[in-house]
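Participant: Questions regarding the structure given below will be posed in turn.
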Amino acid sequence: MSTNEIGHDSELAYTPSAGQKAARVAVDLPVWKTFFYRIPEGLSMEMVMGRRVRIPFGKRKVTGYVIGAVADHGIRELKDILEILDPEPVFPESMVPLFEWVSEYYVCPLGIVMSALLPPGLAVVTHRFASITEKGLAALEGNSTMSELMEILTWVRKNPGKKFPWPASKASRLKSREWINLEEHHSQRKGASPLMRNFVRLKPDIDASGIFESKALSQQPPRERDFLQYIFNAGPVLLSDLRSRFQGADYLTNKWASKGVVEKCMFPVCRRPVAGIVSQYPRPLELFPQQARSVEHIVSLIDKGGFACCLLYGVTGSGKTEIYFRTAEAAIASGKQVLIMVPEISLAAYMEGVFIARMGEKTAVYHSGLSDGERYDQWMRMSRGEVDLVIGARSALFSPLERLGLIIVDEEHDPAYKQDSNPRYQARDTAVMRAKLENAVVVLGSGTPSVQSFHNTITGKYHLLSMPERVESRPLPDVEIVDMKDVQDNPGEAPMLSPRLLEAIEETLHMGNQSLLFLNRRGYHRLFLCRVCGQILKCPNCDVALAFHFREQHLICHYCGFASSRASRCSGCGCEGFKAYGFGTEKLEQELSTHFPSAKTARMDADSTRRKGQALQLLKLFARREIDILVGTQMITKGFDFPAVTLVGVIAADLSLAFPDFRSAERTFQLLSQVAGRAGRGEKPGKVIIQTFNPSHYSLHLAVAHDFKAFSTKESELRASLGYPPFRHIAVLRFQGNRKKETSDAATCIAGIIRRHTSGLPHEAGDFRIMGPVEAPIAKLKGRYRFQIMLKAMHPFLIQRILKAAMPEAKSLLDKCGAECIVDVDPYHML
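Quick note, the sequence shown lines up with residues 41 to 871 if you use my numbering.
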């Protein structure tokens with residue numbers, strides 16, 4: 041180990057020498073240690089803490105994050121910090137333990153964690169340019185096999201000086217063999233700095249009252265007097281604002297600047313996201329008894345101080361949002377800050393409007409739907425303590441709030457809280473840990489809690505607050521199941537819309553109310569099948585069927601984005617003629633327009649809301665009742681409150697049951713219950729019609745009965761017998777590579793490495809199981825073959841301990857075969 045490579049375990053092994061200030065830095069690279077660097081002369085430890093720095097790392101210059109500092113350090117040969125990239129801290133010191141916990145629990149290097157969780161606009165982008173060397177040419181000529189490295193080297197030879205499109209690890213492997221020359225250019229991402237605008241103000245040293253009382257000014261035209269008076273009253277004024285208010289504003293500015301009265305100056309302006317869809321949200325005079333009890337309990341925990349976690353289990357429409365308001369107000373009144381998390385970006389915009397309407401402008405919204413510049417500005421507002429309340433999706437969890445007193449996780453059961461790229465954290469569970477680390481109260485709200493969270497109330501980890509009734513004693517919607525086996529036009533062919541659902545839509549339109557139709561599949565047709573040999577048109581990069589999209593007139597892969605025109609001949613048998621099967625939201629929207637041509641129909645899914653602001657605009661139109669029927673995927677099942685919605689139709693309730701996943705029944709129950717909860721939230725009663733081919737499944741008939749506790753009991757019994765969460769902890773290792781056999785062999789070898797590391801586990805560690813490797817349910821994705829191993833353990837620390845012990849040997853093996861391994865702790869899907 042070099043003198044600069046000092047990790048957590050080594051820090052206390054050195055005796056400090058006088059006067060050398062050192063910063064502890066997490067490097068934005070896949071390395072597990074942290075490193076010490078010398079703080080430049082003239083800078084205090086406070087001037088580097090919480091900032092990004094440029095540092096030398098081997099032969100490279102990389103970005104790091106200062107997570108600690110010491111006044112004296114025992115190593116004399118520390119390298120210097122080259123540059124401090126931020127004028128202000130981008131994260132508070134109090135958040136470092138949270139970053140470290142995410143790194144340890146989810147088995148992801150600390151620097152990678154911080155790079156992913158801080159605003160994207162802060163990232164330094166590295167562009168690499170490669171050219172082949174003489175040794176590289178010789179290696180190509182002497183190698184008959186086309187390994188992945190040889191394929192990359194061939195590309196470099198054909199594209200000298202072009203931007204290197206592969207990861208840094210591939211470039212490093214080629215460079216270490218002296219096969220390529222590599223140049224690196226670094227630049228800041230757009231949006232990673234304040235947005236500066238031209239302002240006009242009175243010069244600071246001028247006697248303003250004297251100017252306005254002077255005879256010279258009284259002789260000026262009224263327009264010029266008004267111009268100066270406006271600047272005097274408003275303070276620094278945006279030049280663009282002056283242009284909109286005064287004709288010839290540039291002339292007037294230059295004229296009075298030449299007289300020494302005003303001056304132009306540059307100030308930062310805050311890029312504010314588009315406002316939410318709610319402008320008014322009146323405060324009820326009184327709470328209902330079940331609300332009052334919940335508020336009283338949560339506020340008492342806030343006043344008491346310290347960590348506590350509450351599961352707020354309230355049926356849809358029971359008034360959970362008002363509880364969020366009251367508890368947030370109490371926390372802010374006591375000088376604390378509040379973080380409110382929602383699972384979807386569209387719901388964040390909705391909640392932002394609700395909270396700003398009630399709580400004012402000291403509210404920030406933060407999610408990935410904002411531009412880099414907007415996220416940067418919101419982040420810096422939070423860093424400077426200008427915000428009392430933050431609303432956002434998953435990434436808002438890491439907002440830099442130093443006075444955090446309350447975290448609210450709305451719809452805590454939602455799988456969108458699980459990140460699907462490094463670090464693969466579960467935002468709900470991480471919110472509980474942040475509250476624990478910062479002595480805050482966390483409230484998990486849901487009408488259909490996760491089995492895991494409800495189990496934690498049974499074991500006493502969480503407080504349970506129940507609200508079994510809707511506000512004003514409004515009834516839960518009446519739910520009706522339609523067995524689609526009974527309404528088939530021909531054997532094996534059922535219509536999209538049953539006669540019963542069509543009749544209900546007609547009645548709803550006649551009454552002047554709105555309908556929501558839920559179908560969790562986008563596109564027009566699900567697949568195309570050859571009429572002769574039965575071959576399905578599949579994506580060449582993924583082991584999945586291509587879906588047809590009518591608007592684009594293309595077959596599209598929903599995993600990699602591959603698109604092609606419709607084939608005229610089958611690639612298997614050469615015959616002509618394909619039959620389309622299945623349908624998605626696009627076809628459903630068209631079908632509704634055919635049945636109800638005078639109704640205003642719209643669709644809300646990933647295809648119709650690609651551009652920024654489209655989802656919010658759709659919700660605004662629906663809230664203003666300019667849309668009669670809204671078709672959508674799970675985006676429409678979240679916690680929206682539209683009083684005019686009296687009908688909800690579930691088009692294909694069986695879809696989520698088909699997933700090869702132990703949570704499929706839970707997801708089905710939650711989706712059906714949540715979308716049903718959108719009906720009858722106003723004064724008019726609601727109706728829900730569920731179309732299914734499997735009406736006897738327990739998740740469906742318990743959702744119809746609104747019986748969460750019975751569902752949770754049955755599901756828990758099944759999981760306990762099979763050893764799944766919450767009774768065991770699991771992790772999945774996903775292996776992917778360009779060559780199937782090598783990837784399979786690597787997975788088998790690494791399973792052996794893990795088994796070797798588990799052989800010495802003490803008996804009290806409990807049952808530790810290794811399952812696999814097996815081919816993944818989606819065996820090929822984005823051109824890469826996939827295998828997976830599942831680990832099960834009684835205690836999560838065993839999984840982390842064994843993986844970290846096995847990792848060095850596993851990494852060496854993966855590098856040799858060109859495969860990669862993704863570690864997913866507490867996975868939410870098994871695909």
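Note that CB positions come from ideal geometry on N, CA and C, so glycine has one too.
#1: Which ranges does the beta strand (DSSP E) cover as unbroken runs of at least 3 residues, wholly within the segment 673-737, from first to last along the chain?
#2: Could you check what DSSP says for Ser604 in three-state terms: helix, strand or coil?
#3: Mapping DSSP to helix, strand and coil, what is Cys610?
#4: Could you tell me whether the segment 430-443 touches the segment 406-414, using the rule of 3 or more Cβ pairs below 8 angstroms?
#5: Roughly how many angstroms lie between the CA atoms of Asp247 and Lys299, to the nearest whole one?
#6: What residues in its chain sit with their C-beta under 8 angstroms from that of Ser493, if we drop five residues either side in the sequence?
#7: Would you give the residue range spanned by the alpha helix (DSSP H) that Pro96 belongs to?
#8: Check whether the Cβ atoms of Met154 and Ala66 lie closer than 8 angstroms to each other.
#9: Should Met551 be labelled buried (16 or more other beta-carbon atoms within 10 Å of its own) or exposed?
#10: Using only the alpha-carbon positions, how far apart do Ile729 and His835 sit?
#11: Pull up the distance between the alpha-carbon of Ala544 and that of Lys727, whole angstroms please.
#12: For Gly108, does the three-state DSSP call read helix, strand or coil?
#13: Quick one: give me the first and last residue of the alpha helix (DSSP H) that His503 is part of.
#14: Is Ile342 near Leu446, with beta carbons less than 8 angstroms apart?
#15: Hey, out of Ile793, Glu631, Gly823, Leu278, whose CA is closest to Ala845's CA?
#16: Mapping the DSSP letters down to three states, classify Ser42 as helix, strand or coil.
#17: Three-state secondary structure (DSSP) at Ala620?
#18: If you measure between the beta carbons of Asp645 and Thr625, is that distance less than 8 angstroms?
#19: Taking C-alpha atoms, which residue in Asp583, Asn734, Asp668 lies nearest to Lys951?
#20: Got a sec, what are the start and stop residues for the beta strand (DSSP E) Pro813 sits in?
#21: Please go through the same chain and pick out, in chain order, the residues whose beta-carbon is closer than 6 angstroms to the beta-carbon of Ile862, but skip the five residues on each side of it.
#22: What residue from Leu556, Pro580, Gly612, Arg779 has the CA that sits closest to Phe682's CA?
#23: Could you tell me whether the segment 380-395 touches the segment 416-431, where touching means 3 or more Cβ pairs closer than 8 angstroms?
#24: Restricting to Cα atoms, I'd like to know which of Leu854, Gly717, Ile829, Lys525 is closest to Ile770.
#25: With 16 as the cutoff for other CB atoms within 10 Å, does Gln269 come out buried or exposed?
#26: Check this for me: beta carbons of Phe239 and Pro276, under 8 angstroms apart or not?
#27: Per DSSP, what kind of secondary structure is Asp450 in: helix, strand or coil?
#28: Taking only the alpha-carbon atoms, compute the straight-line gap between Ala859 and Asn462 and give it to the nearest angstrom.
#29: Which residues in the same chain have their Cβ closer than 6 angstroms to the Cβ of Lys749, if we skip the five residues on either side of it in sequence?
#30: Can you list, in chain order, the residues of its chain with a C-beta nearer than 6 angstroms to that of Ile811? Leave out the 5 residues immediately preceding and following it.
#31: Do Ser605 and His594 have their beta-carbon atoms positioned less than 8 angstroms apart in this structure?
#32: Can you name the start and end residues of the beta strand (DSSP E) that Asn238 belongs to?
#33: Should the segment 364-380 be called in touch with the segment 757-767, which here means at least 3 C-beta pairs below 8 angstroms?
#34: Taking the straight line between their C-alpha atoms, what separation do you get for Pro517 and Val690?
#35: In this structure, does DSSP put His741 in helix, strand or coil?
#36: Could you tell me how far apart the beta carbons of Lys101 and Leu122 are, in whole angstroms, since I believe they sit closer than 8 angstroms?
Facilitator: Result, derived from the coordinates:
#1: Counting whole runs of 3 or more residues, the segment 673-737 contains the beta strand (DSSP E) stretches 685-690, 727-732.
#2: Taking the first residue of the sequence shown as position 1, residue 604 is located at position 564. DSSP places Ser604 in the strand class (E or B) of the three-state scheme.
#3: The sequence position of residue 610 within the sequence shown is 570, counting from 1. Here Cys610 carries a coil assignment [DSSP, helix/strand/coil].
#4: A contact exists between the segment 430-443 and the segment 406-414.
#5: On the sequence shown, position 207 is the one that residue 247 refers to. On the sequence shown, position 259 is the one that residue 299 refers to. Cα-Cα distance, rounded: 13 angstroms.
#6: In the sequence shown, residue 493 corresponds to position 453, counting from 1. So the list reads Leu351, Glu452, His453, Arg468, Leu484, Ser486, Tyr502, once near-sequence residues are dropped.
#7: Mapped onto the sequence shown, residue 96 falls at position 56. Element bounds for Pro96: not the alpha helix (DSSP H) but the beta strand (DSSP E), 92-97.
#8: Taking the first residue of the sequence shown as position 1, residue 154 is located at position 114. Taking the first residue of the sequence shown as position 1, residue 66 is located at position 26. It is a contact, given that the beta carbons lie within the stated cut-off.
#9: Stepping through the sequence shown from its first residue, residue 551 is reached at position 511. Exposed, since its Cβ has fewer than 16 Cβ neighbours within 10 Å.
#10: Within the sequence shown, residue 729 is the residue found at index 689, counting from 1. Within the sequence shown, residue 835 is the residue found at index 795, counting from 1. Approximately 43 angstroms between the Cα atoms of the pair.
#11: Taking the sequence shown and counting its residues from 1, one reaches residue 544 at position 504. Taking the sequence shown and counting its residues from 1, one reaches residue 727 at position 687. If I take the Cα positions, the gap works out to 9 angstroms.
#12: Along the sequence shown, one-based indexing puts residue 108 at 68. Here Gly108 carries a strand assignment [DSSP, helix/strand/coil].
#13: Position 463 of the sequence shown, counting from 1, holds the residue named residue 503. Note, His503: premise wrong, no alpha helix (DSSP H); beta strand (DSSP E) at 503-507.
#14: Position 302 of the sequence shown, counted from the start, is the residue given in the question as residue 342. Position 406 of the sequence shown, counted from the start, is the residue given in the question as residue 446. Yes, the pair counts as a contact, with Cβ atoms nearer than the cut-off.
#15: Within the sequence shown, numbered from 1, the residue matching residue 845 stands at position 805. Nearest C-alpha to Ala845: Ile793.
#16: Translated into positions along the sequence shown, residue 42 becomes position 2. Confidence at Ser42 is low in this model, with a pLDDT of 35, below 50, so its placement is unreliable and no value can be given for it.
#17: Counting from 1 along the sequence shown, the entry for residue 620 is found at position 580. Under the three-state reduction of DSSP, Ala620 is assigned to strand.
#18: On the sequence shown, position 605 is the one that residue 645 refers to. On the sequence shown, position 585 is the one that residue 625 refers to. Yes; because the gap between Cβ atoms is below 8 angstroms, this pair is in contact.
#19: The structure shown does not extend to residue 951, since the chain spans only 41 to 871, so no value can be given for it.
#20: What you label residue 813 is simply residue 773 of the sequence shown in a count that begins at 1. First-last of the beta strand (DSSP E) with Pro813: 808-821.
#21: Along the sequence shown, read from residue 1 onward, the residue named residue 862 stands at position 822. Counting only Cβ-Cβ distances below 6 angstroms, and skipping sequence neighbours, we find Arg774.
#22: The count along the sequence shown starts at 1 and reaches residue 682 at position 642. Phe682 has its Cα closest to that of Leu556, out of Leu556, Pro580, Gly612, Arg779.
#23: Contact between the segment 380-395 and the segment 416-431 is established, with three or more Cβ pairs separated by less than 8 angstroms.
#24: One-based indexing of the sequence shown puts residue 770 at position 730. It is Ile829.
#25: Along the sequence shown, one-based indexing puts residue 269 at 229. If you draw a 10 Å sphere on the C-beta of Gln269, you find fewer than 16 other C-beta atoms in it, and that means exposed.
#26: As a position in the sequence shown, residue 239 is number 199, starting the count at 1. As a position in the sequence shown, residue 276 is number 236, starting the count at 1. Contact flag set, yes.
#27: Numbered from 1 along the sequence shown, position 410 holds the residue referred to as residue 450. For Asp450, the three-state secondary structure derived from DSSP is strand.
#28: On the sequence shown, position 819 is the one that residue 859 refers to. On the sequence shown, position 422 is the one that residue 462 refers to. C-alpha separation (whole angstroms): 17 angstroms.
#29: On the sequence shown, residue 749 is found 709 positions in, with the first residue counted as 1. Result list for Lys749: empty, nothing under 6 angstroms.
#30: Here residue 811 is taken as the residue at index 771 of the sequence shown, counted from 1. According to the sequence as given, residue 811 is Met; it is not Ile. Apart from the 5 residues on each side of it in sequence, Met811 sits with its Cβ closer than 6 angstroms to the Cβ of Met830 in its chain, given in chain order.
#31: Here the question's residue 594 lines up with position 554 in the sequence shown. Here the question's residue 605 lines up with position 565 in the sequence shown. Cβ atoms of His594 and Ser605: closer than 8 angstroms.
#32: The sequence position of residue 238 within the sequence shown is 198, counting from 1. Residues 235-242.
#33: Contact between the segment 364-380 and the segment 757-767 is absent, because fewer than three Cβ pairs lie under 8 angstroms.
#34: For the purposes of this step, residue 517 is taken as residue 477 along the sequence shown, with counting starting at 1. For the purposes of this step, residue 690 is taken as residue 650 along the sequence shown, with counting starting at 1. Their backbone Cα atoms lie some 14 angstroms apart in a straight line.
#35: The sequence position of residue 741 within the sequence shown is 701, counting from 1. It is helical.
#36: As a working note, residue 101 is residue 61 in the sequence shown. As a working note, residue 122 is residue 82 in the sequence shown. Contact between Lys101 and Leu122 is confirmed by a C-beta separation of about 6 angstroms, below the 8 angstroms threshold.
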